[in-house]
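Numbering (the working numbering), first residue to last: 85 to 648. In what follows, a structure is listed as structure tokens, so that the remarks can point back to it.
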């Protein structure tokens with residue numbers, strides 16, 4: 085067994101590396117909006133020492149108003165310096181974090197429960213997890229934060245075994261998670277409190293314990309002070325009450341339905357506190373729902389593939405059994421830590437309007453595969469003799485089948501069927517607009533709210549210093565977002581189908597479905613096709629030589645609204 089364990093360990097590391105690095109540039113198909121933003125920010129810092137708002141090496145990055153924290157951005161500066169401004173450069177820090185997490189899971193589980201077989205199974209479940217695979221193949225600040233937290237807890241546990249000095253890097257790594265992902269403002273705070281309560285006697289008696297606590301508090305406070313203002317703006321855009329209509333539909337209207345009843349009763353049952361608590365409880369419960377975990381996952385296309393859960397369906401019974409086993413078994417510090425970690429992970433996502441959210445909920449790793457591994461081993465170890473081998477073989481077959489199904493969906497069908505949600509569309513659009521016959525033309529494009537500008541910056545490797553001088557932005561939205569109105573030859577606004585087609589030396593770019601039929605017939609049009617062959621965007625060559633017949637004006641006035 086001693087010789088087999090290292091072999092299995094390295095095979096799992098190889099499998100994890102392959103699943104996270106294979107065709108990393110092409111799958112997912114093109115960068116998403118956040119990837120483009122972080123890539124362009126890193127490129128701008130590398131070239132000019134400033135972000136897109138001309139701030140010199142900032143700690144918080146404004147982006148679209150969706151503020152980003154510094155750790156992943158500055159990681160990406162190094163990868164962009166090595167590989168250029170490419171999807172690979174933006175994704176490789178997350179891919180490496182995912183691989184390192186698989187390795188750390190083995191040592192963490194072994195340290196917690198002194199069970200090498202359990203450690204290997206938890207390591208394997210992390211390596212093949214759809215949740216971990218996908219977030220390791222895209223820019224994911226939450227994935228990097230999970231790595232930092234896992235390393236911190238591992239060093240924390242090691243520090244009690246004659247390696248006392250590891251308590252200091254443990255404190256530093258845990259504090260750095262505050263500067264990596266906004267959700268860790270809540271999660272890391274609760275985890276740190278749990279660690280202190282569970283291991284308080286060891287921390288106080290440990291030579292570096294008090295020093296580590298002071299370092300953690302000082303470094304965390306510094307990061308909080310530097311970034312809290314930006315994250316308040318971010319939370320205001322994603323919180324439960326970020327939609328102004330919520331107060332009206334969920335509070336004011338129900339109050340008005342209390343006609344003839346005392347106003348105190350209406351205010352008692354219909355107010356922000358009651359609604360907020362109810363929504364929080366609903367969001368928390370949904371974080372553990374079968375629909376979110378095993379069937380469909382979250383609703384954000386950047387974090388999930390269509391109609392596939394964050395875990396395999398076969399994981400469901402083992403997750404439940406593992407949780408029952410841990411709750412029912414004799415408690416020790418390790419069990420308390422695992423259960424605390426498991427149940428505090430949904431707290432931060434639960435205060436947001438679009439919970440459950442795959443990226444924000446990822447803080448539950450690596451505890452989720454650990455609990456699942458516990459359940460699987462509990463089932464296998466319940467049996468004896470040939471029955472045990474039969475159960476083991478059946479589990480292997482089921483995981484091979486469901487894993488193969490996921491890999492087929494992910495690497496073959498996902499890039500083909502969901503490309504409309506990814507940057508490959510803008511990559512093709514940029515390639516076409518960069519052709520010689522279009523290079524000198526002005527471009528008017530719909531949908532500034534979709535941030536198309538960031539894709540053009542990314543795929544054209546636009547000069548960051550030039551963009552900093554040229555960028556014109558719309559006023560900030562009520563949700564705290566800032567959209568680019570124009571830069572260089574690009575302008576982003578609602579298309580006026582009555583006037584814009586007759587502009588000189590101009591190209592109009594719009595979603596094909598949003599272009600009025602008359603315009604399609606009258607003007608030269610070039611389509612941008614999805615891998616499926618369906619048109620997604622069209623380029624209209626505007627000209628004043630074609631006059632729009634007067635009888636078409638009412639139809640154009642009723643043309644589809646552009647989503648901005």
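Beta carbons: idealized from backbone N, C-alpha and C, even for Gly. Every value quoted in this text rests on a predicted model; they were computed, and no experiment measured them.
Just to confirm, is the Cβ distance from residue i to residue j under 9 Å?
i: residue 592; j: residue 556; result: no
i: residue 112; j: residue 490; result: no
i: residue 180; j: residue 190; result: no
i: residue 549; j: residue 131; result: yes
i: residue 542; j: residue 169; result: yes
i: residue 159; j: residue 234; result: no
i: residue 219; j: residue 367; result: no
i: residue 174; j: residue 92; result: no
i: residue 266; j: residue 153; result: yes
i: residue 97; j: residue 201; result: no
i: residue 536; j: residue 558; result: no
i: residue 507; j: residue 117; result: yes
i: residue 503; j: residue 619; result: no
i: residue 243; j: residue 250; result: yes
i: residue 457; j: residue 208; result: yes
i: residue 327; j: residue 384; result: no
i: residue 626; j: residue 607; result: yes
In this structure, how does DSSP classify residue i when only helix, strand and coil are distinguished?
i: residue 619; result: strand
i: residue 625; result: strand
i: residue 647; result: Bear in mind that a pLDDT of 38 at residue 647, under 50, signals an unreliable position, so the model cannot answer this.
i: residue 310; result: helix
i: residue 104; result: helix
i: residue 557; result: strand
i: residue 293; result: helix
i: residue 259; result: helix
i: residue 413; result: coil
i: residue 245; result: coil
i: residue 299; result: helix
i: residue 605; result: helix
i: residue 86; result: coil
i: residue 265; result: coil
i: residue 599; result: coil
i: residue 483; result: helix
Just to confirm the assignment, what range does the beta strand (DSSP E) spanning residue i have?
i: residue 439; result: No beta strand (DSSP E) holds residue 439; DSSP gives it neither H nor E.
i: residue 591; result: 590 to 595
i: residue 170; result: Looking at the DSSP string, residue 170 is not in any beta strand (DSSP E), and its letter there is neither H nor E.
i: residue 370; result: Note, residue 370: premise wrong, no beta strand (DSSP E); alpha helix (DSSP H) at 356 to 370.
i: residue 515; result: Taken as a continuous stretch (DSSP letters only), residue 515 belongs to no beta strand (DSSP E), being part of the alpha helix (DSSP H) at 508 to 517.
i: residue 610; result: 609 to 613
In terms of DSSP beta bridges, what is residue i paired with?
i: residue 574; result: 527, 571
i: residue 140; result: 134
i: residue 323; result: 436
i: residue 43; result: Because the chain in this structure spans residues 85 to 648, residue 43 falls outside the shown range and cannot be described.
Alpha helix (DSSP H) containing residue i: first to last residue?
i: residue 549; result: 548 to 554
i: residue 448; result: Residue 448 -> no alpha helix (DSSP H), and no H or E assigned at all.
i: residue 54; result: The requested residue 54 is not part of the displayed model; the chain covers only 85 to 648.
i: residue 429; result: Careful: residue 429 lies outside any alpha helix (DSSP H) and carries neither H nor E.
i: residue 216; result: 214 to 220
i: residue 203; result: 200 to 211
i: residue 227; result: 225 to 242
i: residue 544; result: 536 to 544
i: residue 338; result: 337 to 340
i: residue 532; result: No alpha helix (DSSP H) holds residue 532; DSSP gives it neither H nor E.
i: residue 650; result: Nothing can be reported for residue 650, as the shown portion of the chain is limited to 85 through 648.
Taking C-alpha atoms, which residue in the options lies nearest to residue i?
i: residue 546; options: 572, 532, 558; result: 572
i: residue 398; options: 277, 525, 480; result: 480
i: residue 238; options: 227, 144, 252; result: 252
i: residue 389; options: 370, 463, 217; result: 217
i: residue 311; options: 488, 151, 122; result: 151
i: residue 588; options: 366, 527, 375, 478; result: 527
i: residue 361; options: 499, 391, 378, 324; result: 324
i: residue 436; options: 371, 482, 165, 619; result: 371
i: residue 276; options: 290, 292, 257; result: 257
i: residue 100; options: 90, 194, 210; result: 210
i: residue 434; options: 472, 364, 246; result: 364
i: residue 540; options: 294, 566, 512; result: 512
i: residue 501; options: 391, 377, 236; result: 391
i: residue 126; options: 94, 106, 163, 146; result: 163
i: residue 231; options: 608, 454, 622, 447; result: 447
i: residue 291; options: 245, 308, 307, 268; result: 245
i: residue 452; options: 600, 136, 529, 422; result: 422
i: residue 726; options: 369, 331, 395, 146; result: In the structure displayed, the chain extends from 85 to 648; residue 726 sits before or after that span and is not available.
i: residue 73; options: 119, 449, 306; result: What is shown of the chain runs 85 to 648, which leaves residue 73 out entirely.
Quick one: is the Cβ of residue i within less than 8 Å of any heavy atom of the ligand MG?
i: residue 338; result: With respect to small molecules bound, the structure shown includes none, and the ligand MG cannot be examined in it.
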